[in-house]
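Trainee: Residues 1 to 500 in full-length UniProt numbering are what the sequence shown lists, from first letter to last.
The beta-carbon is built from N, C-alpha and C at its ideal position, and this holds for glycine as well.
Predicted model, so just to flag it, every value in this text is computed and none were measured.
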Amino acid sequence: MADVLLTHSYHLPYDPKQVRKMQPYPPLGTLYAASALRAGDIAVAVFDTMLEDPNSGFTAALLEHCPKLVVIYEDDFNFLSKMCLTRMRQLAWQLAHQAKQSGAVVIAHGSDMTDQAESYLRNNVDFILLGEAEETLVALCSAILSGAPHLDIPGLAYLDAAGTLSKSAGGIPKNPSWNSLSRPSRELIDLAPYRQAWSSAHGHFSTNIVASRGCPYRCNWCAKPISGNKFQIRSAKAVAAEIRELKEIYGVEHIWFGDDVFALNHQWVQDLADEIEAMKCALPFKIQSRADLMTPNTVAGLKRAGCAEIWMGVESGSQRILDAMDKGLTVNDVTTARTLLADNDMRACFFLQFGYPGETWEDIQRTIDLVRSMRPDDIGISFSYPLPGTAFYERVREQIGTKRNWTDSDDLCVMFSAAYNNDFYMALRNALHAEVDSWKNDPDTVANSIDPVTLWQRVFELEAVSKNSAATFSVGAMAAGSGKHEFVPLQTLLPPERQV
């Protein structure tokens, strides 16, 4: 029995791309919410939808715990939740309906709930929690369970007696004490299916941890409905102690840090390395960070702490596009970081983005050239995705039709007037992925890949016929010079025996 049943709406089998990757991670944000409730002396259980069937499993959880409140609390540390996928929205509404049918009060929190509050409230959700919501969650659950007034608790959205969307006074809450909250309540879920999935697919068990929350940078396409530009970090000692627990108690062999931006505080990196060495708990780990944070001292500290792989938000090889994005990054930062990481035998991986307003064929070629010259160990490619609350969204919102969100993480549909149509961007993505895969010393990867030359030929063909006459161009793009950037065909980069 539990007064509160926590759950979330990401179910891996509903996302074909993530099934292929098979890298499931527990819902840390949901488990932090559980820790907050437990600290408030509220009995809580968790139904984890990641790997368990949400239809039969959630019904069974409702019958087992008979909760007075059901909280659909998304994992704010999972980029998939931040993408506001419609498949997740559909499942959240389904869970809310089941919970309502059981007689529970339904509470929800997450990026999509914040953006689409009224839609959720008209689909069986009673309250939306806004902002950094752990304190709001505890206050609301305590008030409802005790029968106390609760509509004046800051950070709530709900429908009033007239059915109109209302928000409590007090603004969007920020939880200044998150960094001192007890570690996530992993014991409330079953980690065995995660271990089995990882071991079967990759030969080792990886799990996730976070050292910080939020990001202070202001890239104009990045939505931050939960933390805004606020950033806070846990103590290096607490993070190292959690790694030791994961290693010694749970048998974890690899760590993924889910932080939006790791290594922002350079001294903290050195402190973490010191604590990990003192506790003798080093594990290989990967992080997300920025190229301009990769200084020699910081890279040395990361390596000492166990970091083996760094994913950097490179986005584009065109300085003009980086500037248009308000990225605050230079192409030279990327080349310097890549060289530094290679010199330290650390994997350097690039997140790339195509289709940003104003991006031309010349800009795209500069990105391709950067990838070819820097040879990252891996890449992730996405297309510019307008999410509410961003300057990018406001700029293209009139072009967005009825489809306003991606269905799953492999959707990648361009929903505004980009320079080219979707077929071109998908061909570009496939060709660049295949080329990078062809560099890897992995016979299986290469054997299962389509010849990059064939894929690049398709890109060339589509480039000539896929231009969008109504494309959104930035002022900078329209003012740019018309000098032609020479594209280097893939064939010239292949060894003679593979040239066509």
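#1: Could you tell me the alpha carbon to alpha carbon distance between T7 and A117, rounded to whole angstroms?
#2: Three or more C-beta pairs closer than 8 Å, one from the stretch 208-216 and one from the stretch 55-72: is that the case here?
#3: Under 6 Å Cβ to Cβ from D363, same chain only, skipping five residues before and after it: list those, please.
#4: Which residues bound the beta strand (DSSP E) around Q353?
#5: Assign P16 to buried or exposed, taking buried as 16 or more other Cβ atoms, counted over all protein chains shown, within 10 Å of its Cβ.
#6: Please classify D345 as buried or exposed, where buried requires at least 16 neighbouring CB atoms within 10 angstroms.
#7: Return yes when the Cβ of T136 is within less than 8 Å of the Cβ of P173, no when it is not.
#8: Name, in chain order, the residues that DSSP records as bridge partners for H109.
#9: Compute the Euclidean distance between the alpha carbons of E277 and A238, then round it to the nearest angstrom.
#10: Indicate whether N430 and L85 have their beta-carbon atoms separated by less than 8 Å.
#11: With a threshold of 16 other CB atoms inside 10 Å of the CB of R498, please say whether the residue is buried or exposed.
#12: Which runs of the alpha helix (DSSP H), 4 residues or longer, sit entirely within the stretch 223-268?
#13: Are there 16 or more other CB atoms within 10 angstroms of the CB of D41, so buried, or fewer, so exposed?
#14: Quick one: grab the DSSP three-state call for I144.
#15: Might you give, ordered along the chain, the residues of its own chain that have their beta carbon closer than 7 Å to the beta carbon of A133, omitting 5 neighbours on each side?
#16: If the criterion is Cβ atoms closer than 8 Å, does the pair Q353 and S384 meet it?
#17: Is DSSP giving E461 helix, strand or coil here?
#18: What three-state label does DSSP hand residue 514 in the structure shown?
#19: Grouping DSSP H, G and I as helix and E and B as strand, with all else coil, what is M312?
#20: Quick one: is G481 buried, meaning 16 or more other Cβ sit within 10 Å of its Cβ, or exposed?
#21: For V4, which option in T207, E315, S168, L145 has the closest C-alpha, if you only look at C-alpha atoms?
#22: Check whether the Cβ atoms of F79 and G29 sit closer than 8 Å, and answer yes or no.
#23: In the DSSP assignment, find the beta strand (DSSP E) that holds residue 506 and state where it starts and stops.
#24: Identify, in the order they occur along the chain, each residue of the same chain with its Cβ nearer than 6 Å to the Cβ of P489, setting aside the five sequence neighbours on each side.
#25: Let me confirm a value: K21 is counted as buried when at least 16 other C-beta atoms fall within 10 Å, else exposed. Which label applies?
#26: For A337, which residues of its own chain have a beta-carbon under 6 Å away from its beta-carbon, when the five flanking residues on both sides are left out?
#27: Look up V44 in the DSSP assignment and give the residues it is bridged to.
#28: Can you give me the C-alpha to C-alpha distance between V210 and Q288, rounded to a whole angstrom?
#29: To which residues of the same chain is S227 closer than 7 Å at the C-beta, ignoring the five residues directly before and after it?
#30: Excluding sequence positions up to five away, which residues of its chain have a Cβ less than 7 Å from the Cβ of W268?
#31: Would V44 count as contacting chain C if we go by Cβ distances under 8 Å?
#32: How would you write the range of the beta strand (DSSP E) that F383 sits in, first residue to last?
#33: Consult DSSP for I209 and reduce its assignment to one of helix, strand or coil.
Mentor: In brief:
#1: 18 Å
#2: no
#3: S318, I321
#4: 347-354
#5: exposed
#6: exposed
#7: yes
#8: Y73, L129
#9: 14 Å
#10: no
#11: Note that R498 has pLDDT 43, beneath the 50 cutoff, so the model's placement of it is unreliable and the number below is only indicative. Exposed, by the Cβ-count rule.
#12: 236-248
#13: exposed
#14: helix
#15: H109, G155, P173
#16: yes
#17: helix
#18: With the chain covering only 1 through 500, there is no way to say anything about residue 514.
#19: strand
#20: Low local confidence applies: a pLDDT of 36 at G481 is under 50, so the model's placement there is unreliable, with the coordinate-based value given in what follows. So G481 counts as exposed.
#21: L145
#22: no
#23: Beyond the ends of the chain as shown, which are 1 and 500, falls residue 506; an answer cannot be given.
#24: With a pLDDT of 46 at P489, under the threshold of 50, the predicted position of this residue should be treated as unreliable, though the coordinate-derived value follows. No residues qualify anywhere along the chain.
#25: exposed
#26: A291, M294
#27: V4
#28: 11 Å
#29: E132, R213, G214
#30: I233, A236
#31: Considering every chain present, this structure includes no chain C. It has just one protein chain.
#32: 378-383
#33: strand
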